[in-house]
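Q: In the working numbering, the protein residues as written are 175 to 415.
For each residue, glycine too, the CB sits at the ideal point set by N, CA and C.
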């Protein structure tokens with residue numbers, strides 16, 4: 175029997191890896207996208223195999239439309255994912271008046287072009303099937319704005335807007351579109367931040383874990399969330415309510 179598939183972008187480490195493993199635990203086969211960290215991706219695939227689930231590795235840069243087409247095209251001819259998690263993203267922090275055009279564009283390309291290149295290829299197939307879940311990983315930075323992250327804040331705010339608009343476009347076709355918005359999470363992207371200072375901003379007085387974010391994604395992909403669409407689920411310890 176063919177199992178339902180979850181496609182996760184940016185899933186070789188951090189939140190993406192945790193989401194892939196959690197959805198495998200929940201019974202899904204995994205299409206695991208990553209850009210370049212082959213060793214980390216293979217380790218995630220090994221953990222998924224240990225769960226008796228299939229994992230297809232898809233090394234491509236989501237900001238590259240041709241690469242996305244080449245990687246996804248053959249698979250989508252055979253099967254439509256039930257779940258798409260758009261997690262791929264990068265940060266290039268710095269004050270705007272010092273920010274290069276490349277740092278601006280690279281961040282927006284990864285989040286917004288990446289969303290378009292993958293989602294536009296999958297969502298029509300989901301609509302034909304009359305079923306599907308799309309979860310976009312956004313950020314508290316996109317809700318409140320973060321000094322030194324104008325590019326990242328803009329990218330994630332744009333993705334929140336895309337989530338809400340797409341949810342309205344596809345609801346009648348049985349496809350649900352939501353976002354999960356992490357705050358400060360223990361990942362490689364936050365390891366160099368001044369943790370002691372940042373914890374003062376968090377009512378729960380700790381950073382979250384990638385597994386906690388993955389749990390929120392799993393909920394939005396579950397039958398318990400069958401009447402939830404266009405929603406941004408905060409996982410931030412109370413930093414933004």
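Report whether the distance from the Cβ of residue 404 to the nearest heavy atom of the ligand NAD is below 7 angstroms.
A: No copy of the ligand NAD appears in this structure; indeed no ligand is present at all.
Q: Does DSSP classify residue 264 as helix, strand or coil?
A: coil
Q: Which partner residues does residue 311 have in the DSSP bridge list?
A: 354
Q: I need the DSSP call for residue 233, collapsed to helix, strand or coil.
A: Under the three-state reduction of DSSP, residue 233 is assigned to strand.
Q: Does residue 290 come out as helix, strand or coil in the three-state DSSP assignment?
A: helix
Q: Is any beta-carbon of chain B found at less than 8 angstroms from that of residue 347?
A: The structure shown has no chain B; it contains just one protein chain.
Q: Within the same chain, show all residues whose beta-carbon is closer than 6 angstroms to that of residue 277, passing over the 5 residues directly before and after it, in chain order.
A: 266
Q: So for residue 202, helix, strand or coil by DSSP?
A: coil
Q: Hey, could you find the ends of the beta strand (DSSP E) residue 242 is sitting in?
A: For residue 242, there is no enclosing beta strand (DSSP E); the enclosing alpha helix (DSSP H) has its first and last residue at 239-252.
Q: Do residue 356 and residue 313 have their C-beta atoms closer together than 8 angstroms?
A: yes
Q: Which class does residue 316 belong to by DSSP, given the choice of helix, strand or coil?
A: helix
Q: Do residue 255 and residue 179 have their beta-carbon atoms positioned less than 8 angstroms apart in this structure?
A: Yes; because the gap between Cβ atoms is below 8 angstroms, this pair is in contact.
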